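A.B. asks: Counting from 105, one number per residue, gives the positions in the sequence shown under the numbering used here.
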Amino acid sequence: MDPNPNNFPILSYVMSKIPSIGPRRGADSPGFDIEMPQSSFDSPLTSSSSNEPVFDLTDRMPRLTDPKIIASMRSAVSEVAQSRAVVRTLGQRPDHETVDTAKAKLAEIEASLSKQLEEVVLSPRPSDVDKLEWRAHLEDKEKESRDAAEKERQMYRAVIALDELHASYEKMLSESEKKLENIYESAVAGRDFDEVNLASVEEEVVDEVNEEVVSILQDSSGMEIQRIDLSNRLLRFLPEEFGRFSQLLVLNLSSNQLQILPDSIGGLTNLEELIISSNLLETLPDCIGLLLNLKVLNASSNKLVCLPDSICGCRSLVELDVSFNRLTYLPTNIGHELVNLERLSIQLNKIRTLPTSVGDMRSLRILDAHFNELRGLPNTIGKLLNLEILNLSSNFNDLTELPETISLLTNLKEVDLSNNQINALPDSFGRLDNITKLNLEENPLVVPPKEVVREGVEAVMVFMAKRWLDRLVEEEERSMIETREEEVQTGLLSRSSSWLKTYATSLSGRFVGYLGNVGKSPIDPSLDQQL
105 MDPNPNNFPI LSYVMSKIPS IGPRRGADSP GFDIEMPQSS FDSPLTSSSS
155 NEPVFDLTDR MPRLTDPKII ASMRSAVSEV AQSRAVVRTL GQRPDHETVD
205 TAKAKLAEIE ASLSKQLEEV VLSPRPSDVD KLEWRAHLED KEKESRDAAE
255 KERQMYRAVI ALDELHASYE KMLSESEKKL ENIYESAVAG RDFDEVNLAS
305 VEEEVVDEVN EEVVSILQDS SGMEIQRIDL SNRLLRFLPE EFGRFSQLLV
355 LNLSSNQLQI LPDSIGGLTN LEELIISSNL LETLPDCIGL LLNLKVLNAS
405 SNKLVCLPDS ICGCRSLVEL DVSFNRLTYL PTNIGHELVN LERLSIQLNK
455 IRTLPTSVGD MRSLRILDAH FNELRGLPNT IGKLLNLEIL NLSSNFNDLT
505 ELPETISLLT NLKEVDLSNN QINALPDSFG RLDNITKLNL EENPLVVPPK
555 EVVREGVEAV MVFMAKRWLD RLVEEEERSM IETREEEVQT GLLSRSSSWL
605 KTYATSLSGR FVGYLGNVGK SPIDPSLDQQ L
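1) If you follow the beta strand (DSSP E) that V181 is in, where does it begin and where does it stop?
2) Can you round the beta-carbon distance between R479 and R456 to whole angstroms, since I take them to be within the 8 Å contact cut?
3) Taking the C-alpha atoms as reference points, what is the distance between N437 and G393?
4) Report the residue ranges of all alpha helix (DSSP H) runs contained in full by the segment 531–575; include only those spanning at least 4 residues, in chain order.
5) Counting beta carbon pairs with one atom in the segment 525–539 and one in the segment 506–516, are three or more of them shorter than 8 Å?
6) Does Q634 come out as helix, strand or coil in the three-state DSSP assignment?
7) Assign N402 to one of three DSSP states: helix, strand, or coil.
8) To the nearest angstrom, report how far apart V561 and I485 are at their CA atoms.
9) Compare the beta carbon distance of S427 and S404 with 8 Å and say whether it is the shorter of the two.
10) Which residues in the same chain have their Cβ closer than 7 Å to the Cβ of M177, if we skip the five residues on either side of it in sequence?
11) Using a threshold of 8 Å, state whether the C-beta atoms of K407 and L385 are closer than that.
12) Short check: CB of L462 to CB of E446, under 8 Å?
13) Could you name the residues that DSSP lists as bridge partners for A528?
14) Assign P109 to buried or exposed, taking buried as 16 or more other Cβ atoms, counted over all protein chains shown, within 10 Å of its Cβ.
15) CB G534 to CB A563, shorter than 8 Å?
16) When you compare the CB positions of N538 and N515, do they come within less than 8 Å of one another, or not?
17) For I470 and I174, I'd like the C-alpha separation in whole angstroms.
18) For the segment 316–377, list the alpha helix (DSSP H) runs that are entirely contained and at least 4 residues long, ordered along the chain.
19) I need the straight-line Cα distance from D415 to S249, nearest angstrom please.
20) Does S272 pass the burial test, meaning 16 or more other C-beta atoms within 10 Å, or should it be called exposed?
21) Tell me which residue opens and which closes the alpha helix (DSSP H) that V118 is part of.
22) Return the CA-CA distance between P389 and L395, expressed in angstroms with no decimal places.
23) Measuring straight from C-alpha to C-alpha, what distance separates E441 and I264?
24) Would R348 and G371 be called neighbours here (beta carbons separated by less than 8 Å)?
25) What residue range does the beta strand (DSSP E) around I470 cover?
26) Smallest Cα separation from N501: which of R466, S120, N547?
27) Whose C-alpha, out of N402, D367, P366, N397, is nearest the C-alpha of S359?
28) Taking the C-alpha atoms as reference points, what is the distance between L168 and E279?
29) Using three-state DSSP, classify E243 as helix, strand or coil.
30) Here's the rule I'm using: 16 or more other beta-carbon atoms within 10 Å means buried, otherwise exposed. How should E306 be labelled?
31) Should N383 and Q351 be called a contact, given that it needs their Cβ atoms to be closer than 8 Å?
32) From the DSSP output, in three-state form, read off E201 for me.
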């Protein structure tokens, strides 16, 4: 709810200085003192409990200690303070998939209502019923249908309205930060910042076309160019004429200053590789979905706040890199469409949840989601049977557990779960017998215990595999006690014993090899008996 000091440093600072918003002081403490060091107020910028970098803004902007500037700034953020109170009352922003579901439900309700009303209108009048009486009856039926639909709509509309309110609040934060920047710059320049028309202060963007770009456009007339590399050219603008290179296979626009891509880029129908990393892009054009042959898209290190739903149309994608942006979610249907994707890099964003559709990315081999705000994984993650590398590190306080279905990812070789708040690995984690690299550092682990973790990946997998086998044996015994029918007993015993024998055989070599190398203590008798 509060402005993130990394994204809105000035706004966070100013709001911490407003008595009704900022940190409360004791009743007998003196009033607000602009000269007081920032740390004395325990502001968001210097909070020791925050995971964000700590810095003193006044070192970079010393004029923030000027009471006149602060007074003007406090006046400029009054709307933010009021909006924050409303947002706090209504609660957290719903995730993107929940909002999409609500929109789909509203569409279903509308379709159902239309069908009901059509049936009402077309229903035949019984011969023994008067016309006026029948018309009144139809009106009652129509009202009944509309009332029922409206009642059902309310819940879904509330979800959408809450999402829109949060979106408006975030937009307000960005606009307020710019206002405060303008106020400060005006004060430094000696202008009367109280009289600056802040609404009219806009960054002037000149559409200057790089000479090299012009040269390419002129020299390529009538030619079928397949590769264009315009990286590191300080480009701020890409002309619409680029859309006529229909035979282009590779386009590299990385390390420039592009803020937008022209819609004409959708005309590059044969494009297979698009590199637009390290620019200033806040959005991708909807026409990106027209690139049906695109296999590699690298949009890392930009300012993307979301991906267009149309990106799901790029069904040939094999690699998608949108790391180091400002994403908070992925399109709801992204997994249903990008079934050929093998590598998904979404690290260093602010993603809170993965859509359930991610389970349909059956070709996925590498999933890197470290440094996000993930609160967990969808159960559908267990469908990614080809996944080999999974990085969920540094989701910090948000990631506390893993779903049981992670045990289905039997091709996993490398897993990084470091810097999270995971207390226990699922018992079924022991089934992942292909893991060769496992990082569990900086977690409050109880299962497996820390002394086992310190011995390395082999010790962890042995511990978890034994725990899994113990659980299977316990479940089998419980099932046999509860079931008295001999045929059922025999079937359960046969199936379970066969599975246990096969599974134990596949793991025994690994366990014995590991335990033999350790050379510290004999094999656990219970484990030896099960194997």
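Every residue gets a Cβ at the ideal spot worked out from N, C-alpha and C, and that includes glycine.
Source: prediction; values computed, not measured.
C.D. replies: Put simply:
1) As a working note, residue 181 is residue 77 in the sequence shown. Unbroken run through V181: none, as it is neither H nor E.
2) Walking along the sequence shown from the start, residue 479 turns up at place 375. Walking along the sequence shown from the start, residue 456 turns up at place 352. About 6 Å; that satisfies the 8 Å criterion.
3) As a first step, residue 437 must be located in the sequence shown, where it is residue number 333. As a first step, residue 393 must be located in the sequence shown, where it is residue number 289. Roughly 13 Å between the two C-alpha positions.
4) 554–558
5) yes
6) For the purposes of this step, residue 634 is taken as residue 530 along the sequence shown, with counting starting at 1. Legend: pLDDT at Q634 = 42, less than 50; position of this residue unreliable, value from coordinates given subsequently. The answer is helix: DSSP assigns Q634 an H, G or I state.
7) Taking the first residue of the sequence shown as position 1, residue 402 is located at position 298. Shown here, N402 sits in a strand according to DSSP, grouped into three states.
8) Your numbering for residue 561 matches position 457 in the sequence shown. Your numbering for residue 485 matches position 381 in the sequence shown. V561 and I485 have their C-alpha atoms some 22 Å from each other.
9) Translated into positions along the sequence shown, residue 427 becomes position 323. Translated into positions along the sequence shown, residue 404 becomes position 300. The answer is yes: Cβ separation under 8 Å.
10) Your numbering for residue 177 matches position 73 in the sequence shown. Excluding positions up to five away in sequence, the list reads V118, L284, I287.
11) Looking up residue 407 in the sequence shown gives position 303. Looking up residue 385 in the sequence shown gives position 281. Yes, Cβ-Cβ distance for K407 and L385 is below 8 Å.
12) As a position in the sequence shown, residue 462 is number 358, starting the count at 1. As a position in the sequence shown, residue 446 is number 342, starting the count at 1. Before going further, note that residue 462 is Val rather than Leu in the sequence given. It is not a contact, given that the beta carbons lie outside the stated cut-off.
13) Your numbering for residue 528 matches position 424 in the sequence shown. DSSP lists V551 as partners of A528.
14) The residue labelled residue 109 in the question sits at position 5 within the sequence shown. By the 10 Å Cβ count, P109 comes out buried.
15) If you number the sequence shown from 1, residue 534 lands on position 430. If you number the sequence shown from 1, residue 563 lands on position 459. For G534 and A563, no; Cβs fall outside 8 Å.
16) Translated into positions along the sequence shown, residue 538 becomes position 434. Translated into positions along the sequence shown, residue 515 becomes position 411. Closer than 8 Å, so yes.
17) The sequence position of residue 470 within the sequence shown is 366, counting from 1. The sequence position of residue 174 within the sequence shown is 70, counting from 1. Distance between the alpha carbons of I470 and I174 is about 49 Å.
18) Listed in chain order, there is nothing to give.
19) Stepping through the sequence shown from its first residue, residue 415 is reached at position 311. Stepping through the sequence shown from its first residue, residue 249 is reached at position 145. First, the amino acid is wrong: residue 415 is Ile here, not Asp. Their backbone Cα atoms lie some 38 Å apart in a straight line.
20) In the sequence shown, the residue the question calls residue 272 occupies position 168. Under this definition S272 is an exposed residue.
21) The residue you call residue 118 lines up with position 14 of the sequence shown. Taken as a continuous stretch (DSSP letters only), the alpha helix (DSSP H) holding V118 covers 113–120.
22) Indexing the sequence shown from 1 puts residue 389 at position 285. Indexing the sequence shown from 1 puts residue 395 at position 291. The alpha-carbon atoms of P389 and L395 are separated by roughly 11 Å.
23) Taking the first residue of the sequence shown as 1, we reach residue 441 at position 337. Taking the first residue of the sequence shown as 1, we reach residue 264 at position 160. So the two alpha carbons sit approximately 24 Å from each other.
24) On the sequence shown, residue 348 is found 244 positions in, with the first residue counted as 1. On the sequence shown, residue 371 is found 267 positions in, with the first residue counted as 1. Going by C-beta atoms, R348 is nearer than 8 Å to G371.
25) Translated into positions along the sequence shown, residue 470 becomes position 366. Unbroken beta strand (DSSP E) run through I470: 470–472.
26) For the purposes of this step, residue 501 is taken as residue 397 along the sequence shown, with counting starting at 1. Per the Cα distances, N547.
27) In the sequence shown, the residue the question calls residue 359 occupies position 255. When each option's Cα is compared against that of S359, the closest is N402.
28) For the purposes of this step, residue 168 is taken as residue 64 along the sequence shown, with counting starting at 1. For the purposes of this step, residue 279 is taken as residue 175 along the sequence shown, with counting starting at 1. Cα-Cα distance, rounded: 19 Å.
29) Taking the sequence shown and counting its residues from 1, the one referred to as residue 243 is at position 139. It is helical.
30) If you number the sequence shown from 1, residue 306 lands on position 202. Confidence in E306 is poor, its pLDDT being 37 and thus under 50, which makes the residue's placement unreliable; the coordinate value appears in the next sentence. E306 comes out exposed.
31) Position 279 of the sequence shown, counted from the first residue, corresponds to residue 383. Position 247 of the sequence shown, counted from the first residue, corresponds to residue 351. No, the Cβ-Cβ distance between N383 and Q351 is not below 8 Å.
32) Here residue 201 refers to the residue found at position 97 of the sequence shown. Correct three-state label for E201: helix.
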